[in-house]
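First the structure, in the form of structure tokens, and then the observations on it.
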Amino acid sequence: MKKIIFILCSLLYFNICYAQETFIIACTPNYPPITWKTSNVIKGISVDLIKVISKELNIKFVHKESKAWEKTIHLLAINKADLIIGLYKTENRKAFINFSNEYILQEYTKIFVRKENKFKFEKWEDLYGKRMGSMIGDSKGEAFDIFMRRHLAVKYTLSREETFENLLSGRVDFICSSYFPILIQLKKMSYDKKIVPLINPVTSNNIYFGYSKKSKINKYKDEIDKILKKVKNTNFFLKSVQRNIKEYLKTGQ
Numbered sequence: 086m087k088k089i090i091f092i093l094c095s096l097l098y099f100n101i102c103y104a105q106e107t108f109i110i111a112c113t114p115n116y117p118p119i120t121w122k123t124s125n126v127i128k129g130i131s132v133d134l135i136k137v138i139s140k141e142l143n144i145k146f147v148h149k150e151s152k153a154w155e156k157t158i159h160l161l162a163i164n165k166a167d168l169i170i171g172l173y174k175t176e177n178r179k180a181f182i183n184f185s186n187e188y189i190l191q192e193y194t195k196i197f198v199r200k201e202n203k204f205k206f207e208k209w210e211d212l213y214g215k216r217m218g219s220m221i222g223d224s225k226g227e228a229f230d231i232f233m234r235r236h237l238a239v240k241y242t243l244s245r246e247e248t249f250e251n252l253l254s255g256r257v258d259f260i261c262s263s264y265f266p267i268l269i270q271l272k273k274m275s276y277d278k279k280i281v282p283l284i285n286p287v288t289s290n291n292i293y294f295g296y297s298k299k300s301k302i303n304k305y306k307d308e309i310d311k312i313l314k315k316v317k318n319t320n321f322f323l324k325s326v327q328r329n330i331k332e333y334l335k336t337g338q
């Protein structure tokens, strides 16, 4: 009997000592190829990265999904999630988020319009007097965020699909958002012949890991930076981007 108790206690001690720490990733999976969803499974470049990090650091990650991007970010503010993958740095977010030193990818934001309503765009001031569509909480980069709040009439929505509908119905004149995610979603929804990008970019931004300042994930911040730096020196991102775009267009929601 004593031997059985000793074995059980030893197993319990082993499990406690070697149990993987688990961290929660907050996400809104409508941002291909970074984070998207098919058949209730979260996919994307972010998931490919997490698999590498999980293996290297022997830690576990689970996703916590929110339909609204603003609510997803708020989960970090109230410490209901540990991290988000794919964030622009802004001063407001820095109040409750620690950002990775290494960025994941560089993104361009562009103007999208109805095909028959193209206009000349060379500088931000060309947008004066026009109505803009945007998802709540969707940053376009710190400087342009300030510009649009001061100078533009913005109609906010909870989803990108609703933003597309506002543009097609004429309730807004343009959408400003990340180039590749929008382009991919337009193609998926067969809107790519109706909604088109203007040539010149609005901003160029790096996207990062963002960690809740109250989370224990911060102790791994430097190690995750090292992993990001290492994978960026390989063809990891090229392969991940290509595969996720192809799979999203075939099966994504």
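Here the sequence shown stands for residues 86 to 338, where the numbers follow the numbering used here.
Where is the CB? At the ideal position from N, CA and C, for every residue including glycine.
Fair warning: this is a prediction, and the values are worked out from it, not measured in the lab.
Skipping 5 residues on each side, what residues in its chain have a beta carbon closer than 6 Å to that of residue i?
| i | result |
| --- | --- |
| S289 | Y193 |
| I110 | F146, H148, L168 |
| K299 | N164 |
Kindly indicate the opening and closing residues of the alpha helix (DSSP H) around residue i.
| i | result |
| --- | --- |
| I135 | 130-142 |
| K400 | The displayed coordinates of the chain run from 86 to 338. Any statement about residue 400 would go beyond what the structure contains. |
| L160 | 154-162 |
| E227 | 227-236 |
For residue i versus residue j, is the C-beta distance shorter than 8 Å?
| i | j | result |
| --- | --- | --- |
| N164 | S297 | yes |
| I260 | F197 | yes |
| Y305 | L142 | yes |
| L253 | A153 | no |
| G218 | T248 | yes |
| D211 | K203 | no |
| K317 | R199 | no |
| I144 | Q191 | no |
Ends of the beta strand (DSSP E) at residue i?
| i | result |
| --- | --- |
| F108 | 107-112 |
| G214 | Careful: G214 lies outside any beta strand (DSSP E) and carries neither H nor E. |
| G171 | 168-172 |
| E187 | 182-199 |
| K145 | 145-150 |
| K208 | Taken as a continuous stretch (DSSP letters only), K208 belongs to no beta strand (DSSP E), as it is neither H nor E. |
| K122 | 120-123 |
Under 8 Å, Cβ to Cβ, is there at least one residue of chain C near residue i?
| i | result |
| --- | --- |
| I130 | This model lacks chain C altogether; it includes just one protein chain. |
Between residue i and residue j, what straight-line distance do the alpha-carbon atoms span, to the nearest angstrom?
| i | j | result |
| --- | --- | --- |
| Y188 | S131 | 12 Å |
| V137 | H236 | 43 Å |
| A162 | F184 | 13 Å |
| D307 | F294 | 12 Å |
| I119 | T336 | 15 Å |
| M220 | K156 | 12 Å |
| D277 | P117 | 15 Å |
| N303 | S275 | 41 Å |
| R256 | L313 | 41 Å |
Leaving out the 5 sequence neighbours to the left and right, which residues in its chain are closer than 7 Å to residue i when beta-carbon positions are compared?
| i | result |
| --- | --- |
| S224 | Y173, T175, D230 |
| Y213 | H236 |
| Y103 | Residue placement at Y103 is flagged as unreliable, the pLDDT there being 49, under the threshold of 50; the coordinate-derived value follows with that caveat. Nothing listed; no residue qualifies. |
Could you name the residues of the same chain whose beta carbon sits closer than 8 Å to that of residue i, not counting the 5 residues immediately before and after it, in chain order?
| i | result |
| --- | --- |
| K272 | L334 |
| W121 | P114, N115, I127, K128, G129, N329, Y333, G337, Q338 |
| P286 | Y193, T194, K195, Y264 |
| I269 | P117, P118, I330, Y333, L334 |
Note down, one range per segment and in chain order, each beta strand (DSSP E) of at least 3 residues found wholly within the region 244-320.
With a minimum length of 3 residues, the continuous beta strand (DSSP E) runs that stay inside the region 244-320 are 259-263, 280-297.
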